[in-house]
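Q: Let me give you the structure first, and then I'll get to my questions.
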Amino acid sequence: MIEVKELVKTFGDFRALDGLDIKVPSGAVYGLVGPNGAGKSTVIRHITGILKQDSGEVKVNGEDVYENTEVKAKIAYIPDDVFYYTQASVNDMMKFYRDMYPKFDMERFKSLGKVFGIKTSSAIRKLSRGMQKQVAFWLALSMRPETVVLDEPVDGLDPVMRRQVWNVLLSDVAENGTTVLISSHNLRELEDVCDHVGIMNKGRMMIERNLADLQESLVKVQLALPEGKSVPEGLDILHMSELGHLKTIIVRGSTDDVTGKLAAASPMFIDVLPLTLEEIFVYELGGAGYEVKDISI
Amino acid sequence: MKSKTSVFDKGIFKNLLKRFWPVFLVYFIILFASLPGELARPYNGLGYRFSYQVLWQATTGTKIAIFAGAGAAMCMFSFMYTQKGTGMMASLPVRRETVFVTSYIAGLVPIVAVNVIVFLFMLVYEAAQGAAYPGFLFTWLAAVTLADIFYYSFAVFAAQLTGSLIVLPAVYAILLMTCTVVEECFIKLFDIFLYGYAPAGRKLDFLSPPAYFQQKLTVESNDFFYDYSSVKPMVCSFKGMGVLAIYALVGLVFAYFALRLYKKRRMETATDIVSIEILKPIFKYCLAFGCALAASDYFGGSFIPENATNIEKLAIILFVMIVSAFIGYFAAEMLIKKSTRVFKTSWKGFVPVACVLVLFCTLLNADITGFEENIPEAGEIESVEFNYGDTLIKDPANIEKTLEGHRAIVRNRPVNTDPYGGPGYYVFRMTYTLKNGKSMTREYTLVEDETAAANKAFDSAINSREGKHFRFEPLFGITGDTSYGCNINVNWYDVEKDRYESDYTYLGGDQFREFVYSCLIPDLENTSLGDAILFYNEETGRKLTTIGVDIYEKNAVVMDAASKYMYMQVSTDARHTLDWIRNNTDFIIITTAENEANIPVQEGWATDGNAVPVYAEATLID
């Protein structure tokens, strides 16, 4: 389990994290999403023990992370821009991590080598960005971590390799109860793998929920109302658009509750549509002042 | 499972060595060239090479250590200077203490290993040559290693102060030499503003190790009779090992502070010029004042005319300093904020800098401490030493003459004059030793002027009987038991050939004593022989002959005490001396343009004044 409580971090005059709370249950695949500059990478760097908070707590499995070698030995971290030593080969980095992480599994390293198909003697700096990312996954999964923290993990990977990586990762979750925290802008992909989502903005958590509950808590409705009729009061509408008589509204609430209230307006047509995670992200943040702006150029 | 308390990580250690071994290979090559490479040259015998030269190369090795230390620190702690590098290292399951200690050791061990390898190679090489002297090699190893420990540890400390790898060597170099440079700048400022200020050498060099080591680390030899072609080692010793040991310990203290800083280091400071928040304003103001001082030293002296008034000097210096401080201050601000748009937000911070500079220079120029007018009372003075011939006087009458001159020169301080543009000048320096144990030094540029009261008074003091006795004390102290011979080296200006000529001869036994007792001493006492001549120019030189007298003492063991050299100006009234030389040697001495004396030079006489071979002969005579 990953727990972050009232985390505050400033860089000079800039307050990057402003009392952030995150709770990632054990064995969950948690998607951390937010606009650019929300503080996702900063909180991840706290969870992996790189940065020290100004105040608040950062714990993994009940223990503080910072300067805790036992906790960090069980965390594998893949940043968005992976660092390798200049001139290092895959083998060199494998040996380095094998010395660092007590649970490093050579058998797993060899079997994953067949998946990724990269020679261990290859100089990493000569590999493409995508292949360097594959090496990062290869090494991280070989560490047999209890917690995996990924920052923009599948950027640069081709669709086949993405699917391969997710398969391996999710099988680890299923078999070993590995906790996974993923930060990504690729919400379509997160929707397929995550069971928990946290949406953050300006250093704070806006919404943190089980994905199913989140999808249940917002409703997208298309309806056509009779002349003179308007949308009833009492609905928490996040977004509304019109195309002729057809209105599309995004409403906070359960499906039954929302459709029940809309029925009072005797709509000529009403249909409930599924919401994607991307739409949830856009409309929730739109309510927080990060809406898509209509710009005429 | 790794020990919780372990401060050494094998994985990091191996990784660092594997990545940076070429750097240590370069160090090995340089060190190899400096010792075995240098000693392989057959310019002297094996004994000299494997003793004196080994020790001399130890001093060279301590200079190489400056760069070895910086290079090793830059490599071992290079991970601190990129966001990716710090991220990777900080996310590892290793304590910061462990990362630091392991990296520190990984830089020091190869340096010491290289030193040991070169040492062992030299041992084998010397043994193969049949002239192994391990003692000198151990001294070399100890000196170079101690210097390496200090410089490397200091570089590691400097590495903690910045987040930029490019800035690290600059921080290292500046911290190493700051005190010496700043002191030099202040000395220059005092010299510009304070009339009579006498630069007396730096006192803070011990805070700038490269400058301090340059003074303290040396090789001494008393082996006056050494045969340079011999296999036997020269009797010599390395001076300054204690200094190196102390600095090595100081280096370890710096390493400890570096560890403390690293443990608290904020990893997000990678790429920042200054990585410690509290040091940012210090950096800004230090750069501002540093630029001001450096500019005053470099430009101030060049732009000030010799005949400038005090106000003109003040204006020029202030202008140079304020402009330079401005550049330094805003350059620092730009580096800290990583932006060129800093003027609007930061200009207020520069105001105190400018005020401090104006206040400092104005007060210095106004001499609020009364330095210029401070002349001791006669009753306070124990003795006075002059820079001419290091003449020392204690007689109250001579001290009073000196004070007359001092008061005259302060009273008649030149204004709007260029002392170097006149007929002649002399930079005159005197040091009062006071009865309370303190000393006071003043330096003035005397301008040639026969009527100047100061010139007359100083001339009278220096050329008093006491003054001449002091300058030529070895002559007055000669007895048959202590001295037995001398070299006379005569230098004169040959009008016909239009050049200076010189020649020498050796006098021993009765001839020596006759020359000293019958000629030199009476002429010194009664004529202007040996007088100090303060204003010496080409014209004066053409009228003067000088005699160098090098007296050899019996039973001298140390080279420096084997002879005492004095030289004196010969004037036309030194009749006994001139007559004796004329009658007993073949020197041509032309004391005036009218060729008062003219004796042909004997052919075949050497003009090289090196007395050592003559001294070797002298042992046979006695």
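Chains as they are written, first to last, in the numbering used here: chain A, 1 to 297; chain B, 1001 to 1622. The beta carbon of each residue, even a glycine, is placed where N, CA and C say it ideally should be. Values in this document were obtained by computation on a predicted structure and should not be read as measured data.
Going by C-alpha to C-alpha distance, which of B:S1324, B:A1315, B:T1102 and B:G1130 sits closest to B:F1289?
A: If we check each option's Cα against that of B:F1289, B:S1324 comes out closest.
Q: Using a Cβ cut-off of 7 Å, which residues of the segment 109–134 of chain A contact any Cβ in chain B, in chain order?
A: none
Q: Are there 16 or more other CB atoms within 10 angstroms of the CB of A:W138, so buried, or fewer, so exposed?
A: buried
Q: Can you grab the Cα-Cα spacing for the pair B:S1229 / B:F1154, in whole Å?
A: 42 Å
Q: If you check the beta carbons only, do B:N1015 and A:Y85 fall under 9 Å apart?
A: Taking 9 Å as the Cβ cut-off, B:N1015 and A:Y85 qualify as a contacting pair.
Q: Return the CA-CA distance between B:T1505 and B:I1488, expressed in angstroms with no decimal places.
A: If I take the Cα positions, the gap works out to 5 Å.
Q: Does the beta-carbon of B:I1012 have 16 or more other beta-carbons within 10 angstroms, so that it is buried, or is it exposed?
A: Under this definition B:I1012 is a buried residue.
Q: Between B:E1377 and B:L1534, what straight-line distance do the alpha-carbon atoms span, to the nearest angstrom?
A: 25 Å
Q: Can you have a look at B:Q1160 and say buried or exposed, based on whether 16 or more other CB atoms are within 10 angstroms of its CB?
A: buried
Q: Could you check the C-alpha separation between A:H46 and A:V149 for me, to the nearest Å?
A: 11 Å
Q: What residues from chain A crowd round B:L1092, counting only those whose CB sits closer than 8 Å?
A: What B:L1092 touches in chain A: K72 and M100.
Q: What is the DSSP secondary structure of A:A140, reduced to helix, strand or coil?
A: helix
Q: To the nearest angstrom, report how far apart A:F142 and A:N176 are at their CA atoms.
A: Residue 142 of chain A is actually Ser in this sequence, not Phe. When rounded, the distance between both Cα atoms is 13 Å.
Q: If we define contact as Cβ-Cβ less than 9 Å, is A:T178 a contact residue for chain B?
A: no
Q: Write down every uninterrupted run of the alpha helix (DSSP H) in the segment 56–117 of chain A whose length is 4 residues or greater and which is fully enclosed by it, in chain order.
A: Along the length of the segment 56–117 of chain A, whole alpha helix (DSSP H) runs at least 4 residues long occupy 69–72, 90–100 and 106–116, reported in chain order.
Q: Taking just the CA atoms, how far does B:Q1083 sit from B:F1254?
A: Between B:F1254 and B:Q1083, the C-alpha separation is close to 25 Å.
Q: Report yes if the CB atom of B:F1350 is closer than 9 Å to the CB atom of B:F1330, and no otherwise.
A: Cβ distance < 9 Å, so B:F1350 and B:F1330 count as in contact.
Q: Alpha carbon to alpha carbon, how far is A:S89 from A:L127?
A: 10 Å
Q: Straight-line CA distance for B:V1353 to B:I1322?
A: Roughly 8 Å separates the two Cα atoms.
Q: Between B:G1548 and the rest of its own chain, which residues show a CB-CB distance below 6 Å, the 5 nearest in sequence each way excluded?
A: N1489 and Y1567
Q: Quick one: Cα of B:R1499 to Cα of B:M1074, how far?
A: 58 Å
Q: Counting contacts by CB-CB distance shorter than 9 Å, is B:T1086 in contact with chain A?
A: yes
Q: With H, G and I counted as helix, E and B as strand and the rest as coil, what does DSSP make of B:N1374?
A: coil
Q: In whole angstroms, what separates the C-alpha of A:G56 from that of A:T10?
A: Looking at the backbone, the Cα of A:G56 and that of A:T10 are separated by about 12 Å.
Q: Please list the segments of the alpha helix (DSSP H) lying wholly inside the segment 1447–1527 of chain B, counting only runs of 4 or more residues, in order along the chain.
A: 1453–1462, 1465–1471, 1473–1476, 1509–1514 and 1521–1526
Q: So is B:K1014 in contact with chain A if we call contact Cβ pairs under 9 Å?
A: yes
Q: Apart from the five residues just before and just after B:I1066, which ones in its own chain have a Cβ nearer than 7 Å to its Cβ?
A: Y1151 and P1210
Q: Kindly give me the distance between the Cβ atoms of A:V258 and A:V231, rounded to whole angstroms, as I take these residues to be in contact under 8 Å.
A: Wrong, their Cβ atoms sit about 11 Å apart, outside the cutoff.
Q: Counting only Cβ-Cβ distances shorter than 8 Å, please list the residues of the segment 41–57 of chain A near chain B, keeping chain order.
A: R45, T48, G49, I50, L51 and K52
Q: On the DSSP letters alone, give me the boundaries of the alpha helix (DSSP H) that B:F1299 sits inside.
A: Premise fails: B:F1299 is in no alpha helix (DSSP H) and is neither H nor E.
Q: Hey, could you find the ends of the beta strand (DSSP E) B:Y1425 is sitting in?
A: Y1425 to L1434
Q: Leaving out five residues before and five after B:N1595 in sequence, what residues of the same chain have Cβ atoms less than 6 Å from its Cβ?
A: Residue placement at B:N1595 cannot be trusted, given a pLDDT of 34 that sits under 50; what the coordinates show is reported in the next sentence. Closer than 6 Å at Cβ, skipping near neighbours: no residue.
Q: Near A:P79, which residues of its chain fall below 7 Å by C-beta distance, leaving aside the five closest residues on each side in sequence?
A: Within the same chain, Cβ atoms closer than 7 Å to the Cβ of A:P79 are found at D151, the five residues on either side in sequence being excluded.
Q: Rounded C-beta distance between B:I1521 and B:F1476? I'm assuming under 8 Å.
A: At roughly 7 Å, the Cβ-Cβ gap stays under 8 Å, so B:I1521 and B:F1476 are in contact.
Q: Can you pull the chain B residues whose beta carbon is under 7 Å from the beta carbon of A:P232, in chain order?
A: Correct list: empty, because the minimum Cβ distance to chain B is about 51 Å.
Q: Assuming A:G298 contacts A:G156 under a Cβ cut-off of 8 Å, what Cβ separation, rounded to an integer in Å, is found between them?
A: The structure shown does not extend to residue 298 of chain A, since chain A spans only 1 to 297, so no value can be given for it.
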